[in-house]
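A.B. asks: For reference, the structure I am asking about is given below.
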Amino acid sequence: GIKAFIFDLDGVIVDTAKYHYLAWKKLANELGFEFTLEQNELFKGVSRKRCLEILLDIGNVTATQEQFDTWMVEKNEDYLAYIDEMDSSEILPDVPRVLNYLKGKNIPMALGSASKNARAILEKVGLISYFEYLVDGTNVTKAKPDPEVFLIGANKLGVSPEACVVFEDAVAGIQAANNAGMTSIGIGDESILSEAQYNFKDFTEISNDFLGQLIS
Ligand code: G6P
Ligand code: MG
2 GIKAFIFDLD
12 GVIVDTAKYH
22 YLAWKKLANE
32 LGFEFTLEQN
42 ELFKGVSRKR
52 CLEILLDIGN
62 VTATQEQFDT
72 WMVEKNEDYL
82 AYIDEMDSSE
92 ILPDVPRVLN
102 YLKGKNIPMA
112 LGSASKNARA
122 ILEKVGLISY
132 FEYLVDGTNV
142 TKAKPDPEVF
152 LIGANKLGVS
162 PEACVVFEDA
172 VAGIQAANNA
182 GMTSIGIGDE
192 SILSEAQYNF
202 KDFTEISNDF
212 LGQLIS
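Going by the UniProt record's numbering, the sequence shown opens with residue 2, and the numbers climb by one from there.
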C-alpha cells in the first residue's frame, strides 16, 4: 500500500502559473515581442533558467551572460511582487481537505517542486506545516522528467518509491513520477496528462474514500 504523498506546488497546491506568466510577459514585452498563454504551457515544471532560454528563443533574442543574469533577477523580482500579495484564499479548492485527511491518518507528505520560491509560497498561504520535507529548486539538480526530485522526497520521508503517490499538473512531472516508480496522479486536463495512472480535474474530484483505499 501507499505510505507517503508528494505534491508538486505550482498548478497543484496554488495557481502561480498566472503570476509566472505575467512576469515573463512583462520581460518579453520589454524586449519587444509577445508571449502568449499557450507558450506559457511550455514553462510549467521547467526551471527559471530554462524558461528564460526558451523565452529568448521565442523572441529571437541573443543575450550576453550579464544580460541573461539581469533578466533572471528582474523576472523573479516581478514574480515575487505577486507572491507577496498571496494569502490562503489562493489555495486551490479542496487541497486543505486532502492535506488534513492525510495528516489525520499520519501519512507523511513532502513537496516536490522545481521552484526556488517554494518555501516562501507555502509560508504565504499557510501550508508549510503540513510538509515534513521540501524538495525544491534549491536542492534539485536534474529537472523533471528526471525522477531525482521525487526520489529525494521518498528518501527523506523514509519510504520506498513504490509506496509513494505524486500529484502533478505538468507532463514532465507525471513522467518524473513514473520514472521514479511511483503512483502518478494527474491534476488537470486528462488529455494532456494521459501518461498518469489516475486523472482528476482538481482535488474536489478526489474523495477521502479514494485516498483511504490508496493507503489501506
Ligand atoms: C515550477 C513552475 C515553473 C517555474 C519553476 C521555477 O516548476 O511550474 O513554471 O519556472 O517552478 O520557479 P521559480 O519560482 O524558481 O522561478
Ligand atoms: Mg506544476
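All residues carry an ideal CB built from backbone N, CA and C; glycine is no exception.
1. Please classify Thr37: is it buried, with 16 or more other beta-carbons within 10 angstroms of its beta-carbon, or exposed?
2. Quick one, are the C-beta atoms of Ala177 and Lys157 less than 8 angstroms apart?
3. How should Thr142 be labelled, buried or exposed, when 16 other C-beta atoms within 10 angstroms of its C-beta is the threshold for buried?
4. Roughly how far, in whole angstroms, is the beta-carbon of Gly12 from the beta-carbon of Gly189, given that I think they are within contact range, below 8 angstroms?
5. I'd like to check one pair, Ser48 with Ala115: are the Cβ atoms closer than 8 angstroms?
6. Report the residue from Ile3, Leu10 and Lys4 whose alpha carbon sits nearest the alpha carbon of Gly174.
7. Return helix, strand or coil for Asn140, following the three-state DSSP convention.
8. I want to check one thing, is the minimum distance from the CB of Asn140 to the heavy atoms of the ligand G6P below 7 angstroms?
9. I believe Ala121 touches Ile92 by the beta-carbon criterion, under 8 angstroms. Please report the beta-carbon distance rounded to the nearest angstrom.
10. Does Gly213 come out as helix, strand or coil in the three-state DSSP assignment?
11. What residue range is occupied by the uninterrupted alpha helix (DSSP H) comprising Thr65?
12. Under the three-state reduction of DSSP, which class applies to Met73: helix, strand or coil?
13. DSSP three-state label for Ser185, please.
14. So, for Ile163: in the same chain, excluding its five sequence neighbours on each side, which residues have a beta-carbon less than 6 angstroms away from its beta-carbon?
15. Just to confirm my understanding: we take Val96, look at its own chain, exclude 5 residues before and 5 after, and list those with CB closer than 7 angstroms. What are they?
16. So what does DSSP say about Val150, is it helix, strand or coil?
17. Note down the Cα distance separating Leu135 from Val74, rounded to an integer number of angstroms.
18. Work out the CA separation of Leu112 and Phe8 for me, nearest whole Å.
C.D. replies: According to the structure data:
1. Label assigned to Thr37: exposed.
2. Taking 8 angstroms as the Cβ cut-off, Ala177 and Lys157 do not qualify as a contacting pair.
3. With fewer than 16 Cβ atoms within 10 Å of its Cβ, Thr142 is classed as exposed.
4. In this structure Gly12 touches Gly189 by the C-beta definition: roughly 7 angstroms separates them, less than 8 angstroms.
5. A contact, by the Cβ cut-off of 8 angstroms.
6. Of the listed residues, the one whose Cα sits closest to Gly174 is Leu10.
7. In the structure shown, Asn140 sits in coil (DSSP, three-state: anything other than H, G, I, E or B).
8. Taking non-hydrogen atoms of the ligand G6P into account, the C-beta of Asn140 is found less than 7 angstroms away from none of them.
9. Contact flag wrong, Cβ pair sits at about 15 angstroms.
10. The answer is helix: DSSP assigns Gly213 an H, G or I state.
11. From DSSP, Thr65 is part of no alpha helix (DSSP H); its letter is neither H nor E.
12. Note: Met73 maps to helix in three-state DSSP.
13. Secondary structure of Ser185 (DSSP, three-state): strand.
14. For clarity, residue 163 is Glu in the given sequence; the question names Ile instead. Cβ within range, chain order: Gly182.
15. Short of 7 angstroms from the beta carbon of Val96, and not among the five residues preceding or following it, lie these beta carbons of its own chain, in chain order: Ile14 and Phe204.
16. If DSSP states are grouped into helix, strand and coil, Val150 belongs with the helices.
17. Distance between the alpha carbons of Leu135 and Val74 is about 23 angstroms.
18. Straight-line Cα distance between these residues: approximately 5 angstroms.
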